[in-house]
Each structure stands twice: as structure tokens, then as C-alpha cells.
Amino acid sequence: MAESTLSIVVPIYNEEANIAELSRRLAQLSFPEMKSVEFILVNDGSRDQSLSMLQDLANKDPRFKIIDLSRNFGHQLAITAGMNEATGDACVVMDGDLQDPPETVPELVAKWKEGYDIVYAVREKRDGESWFKLATAKLFYRLLQRITNVEIPVDTGDFRLIDRKVLDVLKEMPEKHRFIRGMVAWSGFRSAPVYYHREKRFAGATKYTFRKMLTFSLHGITSFSTYPLKIVSGLGFVVSLIGFLYLFYVIGLAIFTDETVQGWASLMVIVLFLGGVQLLSLGVIGEYLGRINEEVKGRPNYIIREKINF
């Protein structure tokens, strides 16, 4: 691996306050064992001065390569665009808010040189995040691990190094609703962890709102598990069984007693409960059908407006 090359992919969305520090810390990284290093920064439809700052950066240092997407396609597709253009024997993916410290990258490379195809960064400690985000993230990853057949490491994000052979496999996965950390784990290549301290954002506010986090979680679950459909099926069976048993109860009252089933309130509760179950079931099925609809359209996952230094 003495003549190996390295690509570092960073998605950028409204990070004007972080770009200068990010580029400074990336440029200071030293990889004496590498033949060359390229930094691929993907502008994901930023509305601030991020693009102009990236263009200036590329003009000053040819190692910085810029991909400008035509609009905001989302974090996972911005990463995909960068990985598809990466030329390195290994590719590191990291966020641009400096919560993923660039100084950890040499550790990932060192572990890769030991023979691992995937080196994922495990968040040993996380600064600047609310207890709610920490708790929901912990719950989500453990839930996902329980309901899927893919061993997705817990307490990890997209910050990782992947070998060229893994990158080539990912290129053959054209799905639109992407959950890259799950796709990497699904590939099944030999992997190893590197533990790091996840820092708070260097500047600015997080772009991941609760709504985006929820959508991202749904992508992860529906991309790698049909468990929600199994829950709906089980729920339908249980409700049907209760209704069947209740039918025997009503018949028994009519044959063996003089009583009759009364109660408008109880009837309305049953009707509303069954209606809620049906709507819930349709909603879950609709989530999967919606994803099928997006896939069969065959539209490109993203559109590149401009590439600089490629």
C-alpha cells in the first residue's frame, strides 16, 4: 500500500462559518505513506457563501476538488456524489461541521493498512448534543440492530473509511432513499472500529432538525427491514382474533341468557379502534409503496452543476 491514494469526502450545506477552519485542519493532515490525497467537498445546494468560499479554496489548493450540486439533494446523496467521484484506493467520509475531527483520519488510515476494508469511527464521547438527541440516537441504533439482519455498529455515523472494493460495491447500489452506514455494513467486508471523541460544532447550528432525523430513521428502517409490515400483519391478526372471540361471546349471551349486548359507547370505541388500526396499516404500507414509486421512476439521484479541479 506504499503507493496508495486517499480520498476524503465532505458534504457541505450552509457551512460558511466552518469552511475556513475545516480546510485549514484538512490541509495540515500528513500522510507520508500515501502517494496522493484529494479532498472532495460537495456543495449540497448551500444558500449562504459556502460555494464561493469553496471555489476560492479550490483556486488556491488543487488538492481541494469541488462538486456543486444543482440543488439541495440531502446529506446522504451529497455523500454519494462525492464517493462516486473519488479516485482513491481508500475513501474517508466525514461531516463538514468539524464534529468529526479531521485529526482522527490518520488513525482510520492506520487501521485500514492493517488489512481491514471498513474502518468505522465509534463515538466514545459526544459533546454539545442534548440528552434527547443522545437518547433517541441510542434507542434508534439498538432498535435497528434488533429488527434487521444486518450488523450495523451502534454509536457510529457516516464517519468512516472504506476500501476501493467496498466503494465499487456501493456504486452498484442505485437506490434513492440511501442509508449509507447500513449499505456499508450490508456489504459484509472485514471491518474494525476506531474510537474517538465527537466534538461539538465548531460554529453555526445543526442542519439536522427533528423532522430530518425522523425521516432519516424511517429511511434506515424501511431500507433494511420489513419488520413494520410484520407488525401490521400481527396487529391485524390479533384484532381479528379478538373480534372472532367477541362474536362467540355475543352468541353465547343470546342463547344461554336473556341479556343482550348494550352500549353505544363501547360500540363506538371498537369502531374507532378498528379504524385507527386500518389507517395505521395503510400508512405503513404507503411508506413502502412510496419508496417503490421513487425507485421505479429512474431519475438520477443527484445532478452536478459544476466540478472544479477534477
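Anchor point for the sequence shown: position 238 equals 237 in this note's numbering, and the numbering is continuous, going up by one each time.
Glycine included, every Cβ here is placed at the ideal spot set by N, Cα and C.
Exercise for review: May I ask you to report which of helix, strand or coil DSSP gives residue 4?
Suggested key: strand
### Query
So, helix, strand or coil for residue 87, using DSSP?
coil
Next on the checklist: Please state whether the Cβ-Cβ distance between residue 193 and residue 107 is less than 7 angstroms.
Outcome noted: yes
Notebook entry, point to check: In three-state terms, what does DSSP make of residue 153?
Noted result: coil
*Would the stretch 270–279 and the stretch 18–30 be scored as touching if the rule is three or more Cβ pairs under 8 angstroms?*
no
*asked:* Under DSSP, the beta strand (DSSP E) around residue 197 begins and ends at which residues?
replied: 190–197
Ends of the beta strand (DSSP E) at residue 67? 63–68
Could you round the C-beta distance between residue 14 and residue 96 to whole angstroms and report it? I think they count as a contact, below 8 angstroms.
-> 6 angstroms
Considering only C-alpha positions, which residue in the set 287, 213, 6, 87 is nearest to residue 135? 213
### Query
With C-beta atoms as the reference, is residue 238 less than 7 angstroms away from residue 183?
no
Contact set for residue 195: own chain, Cβ-Cβ below 6 angstroms, skip 5 residues either direction: 103, 120
- Task: Would you mind working out which of 145, 198, 222 sits nearest residue 176, comparing C-alpha positions?
- Result: 222
| said: Quick check: the Cα distance between residue 99 and residue 38, rounded to an integer number of angstroms? | reply: 15 angstroms
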